[in-house]
Structure formats: structure tokens, C-alpha cells
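Be aware that the sequence shown starts at 4, since it is given in our numbering, and climbs by one per residue. Yeah, the Cβ is synthetic: ideal placement off N, Cα and C, and Gly gets one too. Given the structure is predicted, the values throughout are model-derived calculations rather than measurements. Below is one structure; the comments refer to it alone.
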Amino acid sequence: MELSTVLLLGLLLLVLLWRKISRPKGFPPGPRPLPVLGNILQIDFSNPLKSMKKFSEEYGPVYSIYLGFTPAVVVRGFKNLKEVLVNKGHECADRPRNRLLEDISGTKGLVVAPYGQAWKEHRRFTLSTLRNFGLGKKSMEERICDESVHLIEELKKNKDTLFDPHLVIDNAVSNIICMIVFGRRYDYNDSTFRIILNIIHENMKMASGFWAQLYSAFGFVKHLPLPHRKIFSNVKIVFDFLERVLEEHRRTKEPGQPRDYIDCYLEEMEKGQGERNKSTFDNENLFICVADLFIAGTETTSASLEWCLLYMMMYPEIQEKCREEIDKIRGVREHLDYEDRIRMPYTQAVLQEVQRFASVVPLGVAHAPIKDMQLNGYTIPKGMMIIPDLSSLHYDERQWKYPHEFNPENFLNSEGDFMKVDGFIPFSAGPRVCLGENLARMEIFLFFTNMLIHFEFHWPDWKSPPDTKPVFGLSQVPKRFKMRLVPRQ
Numbered sequence: 004m005e006l007s008t009v010l011l012l013g014l015l016l017l018v019l020l021w022r023k024i025s026r027p028k029g030f031p032p033g034p035r036p037l038p039v040l041g042n043i044l045q046i047d048f049s050n051p052l053k054s055m056k057k058f059s060e061e062y063g064p065v066y067s068i069y070l071g072f073t074p075a076v077v078v079r080g081f082k083n084l085k086e087v088l089v090n091k092g093h094e095c096a097d098r099p100r101n102r103l104l105e106d107i108s109g110t111k112g113l114v115v116a117p118y119g120q121a122w123k124e125h126r127r128f129t130l131s132t133l134r135n136f137g138l139g140k141k142s143m144e145e146r147i148c149d150e151s152v153h154l155i156e157e158l159k160k161n162k163d164t165l166f167d168p169h170l171v172i173d174n175a176v177s178n179i180i181c182m183i184v185f186g187r188r189y190d191y192n193d194s195t196f197r198i199i200l201n202i203i204h205e206n207m208k209m210a211s212g213f214w215a216q217l218y219s220a221f222g223f224v225k226h227l228p229l230p231h232r233k234i235f236s237n238v239k240i241v242f243d244f245l246e247r248v249l250e251e252h253r254r255t256k257e258p259g260q261p262r263d264y265i266d267c268y269l270e271e272m273e274k275g276q277g278e279r280n281k282s283t284f285d286n287e288n289l290f291i292c293v294a295d296l297f298i299a300g301t302e303t304t305s306a307s308l309e310w311c312l313l314y315m316m317m318y319p320e321i322q323e324k325c326r327e328e329i330d331k332i333r334g335v336r337e338h339l340d341y342e343d344r345i346r347m348p349y350t351q352a353v354l355q356e357v358q359r360f361a362s363v364v365p366l367g368v369a370h371a372p373i374k375d376m377q378l379n380g381y382t383i384p385k386g387m388m389i390i391p392d393l394s395s396l397h398y399d400e401r402q403w404k405y406p407h408e409f410n411p412e413n414f415l416n417s418e419g420d421f422m423k424v425d426g427f428i429p430f431s432a433g434p435r436v437c438l439g440e441n442l443a444r445m446e447i448f449l450f451f452t453n454m455l456i457h458f459e460f461h462w463p464d465w466k467s468p469p470d471t472k473p474v475f476g477l478s479q480v481p482k483r484f485k486m487r488l489v490p491r492q
């Protein structure tokens, strides 16, 4: 074949590929995509928030990008995010296709499952079961306070050293969801459990990175020896761990005496055995629901508490004001109750400011319309990936008094009273709002106040100030740091 013919065919192929990723009529504008790759090379996947903000400045609060051949719509700003998550929440409550997530968990479970009867039944069952095991009740508060005792004792062991709090914070938080789902907690020196938690954090980072995006964009990538394979080897280790937990439950479960979420689910499966074709409760859904709860119940709450410690060391005057309020409300009691937060405007403001300024879950979880819909004058087709940029709310100059600095006054009125801000939705909103929101809020408040009751937290060396640049993933976590613990008398 002559060279000119090859070049002509190559040019024709490029034109066809270009047309394949051209924007349809009525679709949101966005940066011009490259053939095949789309906009992948224009996004810094080590932290795409800056790229997304830059695109928004040029194309508006609703714009589109291409991840390979796959189009996605990015939504920013309070007005448009409220429209997608709340006003049209049910219309946008589906999940888009994602090759990576589907190869890991199919379309089962609570997080990535499509909007439909199975997902509704499982969400309703899970919320009901969590409530039965204490969610929103005094019994759950007591569990968290009991775990706080273990946490404080572990911290005391490290009072005379430079101490990295990540491991014990991580373990303490994870133990709460483990007690609900598995019916047990894990010691802080359990090496097997530590490996599992480390793997979860590694995958949360990798799942939003460049290689994961490449995998989801191009099916053939799965056969190549690229870094995405680490995600799947990690998943196998975690899934093997969960399978052992499930097998133990099947072997030791006693009828009518559920110990935890798994036992309740197994009983629900037994109820549906007579109508096997109708019940959505099966072994595969059980497995993925357990994985969803375990992973989601660990990462973001742990990250929030680590950010709390980091900001308290950076702003010792804020740390001391929190402690003064804690001591005033606590009196002679060993610890605070969750209901005490109502009388603690400053501490509440600090905790919410941590979540705002750190923007722990900056992009939420992608949504998709269940039918063609209109948004901001554009047509969004059914099944289209919608990326809700929640971080755009957290630094919006129209929403906050001090959008670009850490300042609890963002949540305090002129009289010093705590105030709610509409633009603060760290757990998303609408039908797909995080079902563990109330548990996470309770954990953050009780763990944080208990630590401040027992310790002062100090940065060890101000010649090397804290690095607050986050490690981006499905959640934003602080870089590992060491601190100096000073026990309080």
C-alpha cells in the first residue's frame, strides 16, 4: 500500500474519531477533546479540582469533558448542584456506567448500584437495620464512647514520642462500623486488620487516578500490565477478608438472634427463599453491601478527624477555645454527650469548618439522569455521567465570609451563635445522600471532644510547618504527619 494511501486512511480515521467525540446539539460546552483520549491529558489527576475550576471559569458552571470517548458533565455552584441533587434528585439518582467499578462490584450494593427497585429495597433495609443497632440512639453513642476509651489509652502510650495518629484514628473509626456490620472490633495491634485498612486507603486514592480513568475509558487496558492491576490485587485481599467474615457468620448464626447487619441480611435472604425469583436479597448483594458499608464507614470519617488534629495544631488559639467550651459544658463528667453539641456553637463551627476547608469528599459520587433532562439550558441525555463538584460550594465567595481561610466564623453569626449554611453539603444531598451521615457526625464530635479532654496537640517543629496540601482520592486526606501529645492534668 502506498504511503499516500496510508496517510489518507489515517487522516480519515482521525476525522471519524474526532466526530465520534464531538458534542451533540444542546450539550454543555467544554474544552476541545483530542481524538481517542478526549480531555484526559488536560486534567491533572493528582488533584483535578484546579483543572475543573479553570474549565468552569471559561465554560461556565455546567460544562462537559471527555474521558476518552466517554462524555461527562461537571456541575458546580449552589444553584446547579441543588437542582441536580435535590430539586431533580430522583430524576438524577441513577449511576453512570463505570467499567472499573462494574468489574469490581458489578451493579450491586448501596453505592454504585443503579437507581431502581433493588437499590431502594437495600437502602431502606440498611437504614432500618442501622437504626435497630443504635444509629441515632444513645446505644450508638455509648459504643463510640467505649471505643474512645481504647483510643485514649493508645494515645497515652505515645505521649512522650513524636506520634503519627493515622493508625489509631483509622482503627478507632473503623471499629464502629465493624461492630455494626461484623459484630466485633479489632485491636489496634492487629496486623491483618491494619493491612486491610492500608489497602482500602490505597485503593481510594488509585480509583480516582489517571490509570483508573484510562481503564474505565478503554476496555482493552484491562489486559495490559499497567498500574491499574494493583487495584484488583488489593480488592482480592479485601474481598478474601470479607468472605472469611461472612463464612464465620453463616457457620455461627443462631436463628432469631441477629448479632449485626450480616445476620439481619442472612435472615432477610431466608425470608425470600420461597419467592427466589422476586427477592433482590442474595449472596452477591450481601457481599457488596458489606464491602460498601465497611469502606465508606472508615475512610471519610477517619480523614475528617485527622484534618481536625492538623488544624488544631496549626491554630492553637482555636484548639484552646474549643477546649474551654468543652470543659465548661462537661463539668465533672468523664465525657460529653452528643446532645451537648447544641450548647457548643464554637466547637460545632470548628468541626464543620474542618469539613468545609478540607473538602473531604470533593466530587461526591457521580450521578446520572434516568431520562433526558434539562439543566441550565442544556440537554443532559439519559445515563450521562454527572460529576457534582461539591468543592465548588466550599470555597464560593458568595457563600462564605472567609472562603479561602480556615475560620470557624464561617459558621457563626454576629452573636456567636452556630448557624447552618445552605452551601454546606459535605455528605451530598437528595435521594443519594450518604446514609452514614448521622453516624459520621456523631463519631467526629465524640472522638474529637474526647481527645481534647485528655490532650493538648502540638506541632513538633515550626521550622518545618505543616503541609496542608491534600492527598487526592475519592476522599481528600492529609499527608501523614507526626505530632506531640501533652496529657492534660
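Output the boundary residues of the beta strand (DSSP E) element that contains Phe459. Residue 459 is actually Glu in this sequence, not Phe. Run containing Glu459: 458-461, per the beta strand (DSSP E) assignment.
Pair within 9 Å by beta-carbon distance, Val241 and Ala294: yes
If you draw a straight line from the C-alpha of Val368 to the C-alpha of Pro391, how long is it? 7 Å
For Leu20, which residues of its own chain have a beta-carbon under 7 Å away from its beta-carbon, when the five flanking residues on both sides are left out? Its pLDDT being 49, under 50, Leu20 is placed unreliably by the model, and the measurement read from it follows with that caveat. Here the set comprises Pro38, Val39.
What do you get for Asn380, buried or exposed, if any count of 16 or more other CB atoms within 10 angstroms of its CB means buried? For the record, residue 380 in the displayed sequence is Gly; it is not Asn. Gly380 should be labelled exposed.
Beta-ladder partner(s) of Arg491, from DSSP: According to DSSP, which records beta bridges pairwise, Arg491 is partnered with nothing at all.
By Cβ distance below 7 Å, which residues in the same chain neighbour Asp470 in space, the five residues on each side in sequence not counted? Lys482
Using alpha carbons as the reference points, say which of Leu313, Glu302, Tyr218, Ser478 lies closest to Ile107. Tyr218
Whole angstroms is fine: what's the gap from Met445's alpha carbon to Ala75's? 35 Å
Round the Cβ separation of Phe427 and Gln355 to the nearest angstrom and send it over; I've been treating them as touching at under 8 Å. 6 Å
When you compare each of Phe484, Pro99, Phe48 to Met387 by their alpha carbons, which one comes out closest? Pro99
Tell me which same chain residues have a C-beta within less than 8 Å of the C-beta of Arg1, skipping the five on either side of it? Nothing can be reported for residue 1: it is not among the residues displayed for the chain, which extend from 4 to 492.
Name the residue from Asp97, Gly476, Ala121, Lys82 whose alpha carbon lies nearest to the alpha carbon of Pro434. Asp97
Which value, in whole angstroms, describes the spacing of the CA atoms of Phe244 and Cys325? 40 Å
Alpha carbon of Leu415 to alpha carbon of Lys485, nearest angstrom: 31 Å
Assigned exposure category for Met182 - 16 Cβ within 10 Å defines buried: buried
Just reading off the beta strand (DSSP E) that Tyr381 is part of, what are its end residues? 381-383
Going by the beta-carbon positions, is the gap between Gly29 and Thr382 smaller than 9 Å? yes
From the DSSP output, in three-state form, read off Pro74 for me. strand
Classify Ala116 as helix, strand or coil using the three-state DSSP reduction. coil
In three-state terms, what does DSSP make of Ile240? helix
For Met376, the first and last residue of its enclosing beta strand (DSSP E): 376-378
Could you name each continuous alpha helix (DSSP H) segment of 4 residues or more that falls completely within the segment 254-281, going from the start of the chain to the end? 264-274
Got a sec? Which residues, its chain only, sit under 7 Å from Ile172 by beta carbon, not counting five neighbours each side? Ser305, Leu308, Glu309
Rounded straight-line distance, which links the Cα of Gly300 to that of Gln492: 33 Å
Arg344 versus Asp47, Asn192, Leu449, residue with shortest Cα-Cα distance: Leu449
Own chain, CB closer than 8 Å to Val9, minus 5 neighbours either side, in chain order: Any reading at Val9 needs caution, since the residue's pLDDT is 47, under 50, leaving its predicted position unreliable; the model's value is listed next. So no residue of the chain qualifies.
Within 10 angstroms of its Cβ, does Leu14 collect 16 or more other Cβ (buried), or is it exposed? The pLDDT assigned to Leu14 is 49, lower than 50, so where the model puts this residue is not dependable; a value taken from the coordinates is nonetheless given after this. Looking at its Cβ environment, which holds fewer than 16 other Cβ atoms inside 10 Å, Leu14 is exposed.
Option nearest Val238 by Cα separation, candidates Ala220, Ile198, His226: Ile198
Residue range of the unbroken beta strand (DSSP E) whose run includes Met209: Segment 194-209 is the alpha helix (DSSP H) holding Met209; no beta strand (DSSP E) there.
Do three or more CB pairs link the segment 80-87 to the segment 394-404 at distances below 8 Å? yes
Just to confirm, is the Cβ distance from Leu438 to Thr129 under 9 Å? yes
I'd like the span of the beta strand (DSSP E) that includes Ile389, first residue to last. 388-391
Whole angstroms is fine: what's the gap from Val152's alpha carbon to Val335's? 17 Å
To the nearest angstrom, report how far apart Met207 and Asp163 are at their CA atoms. 33 Å
Along the chain, where does the alpha helix (DSSP H) that runs through His153 open and close? 141-159
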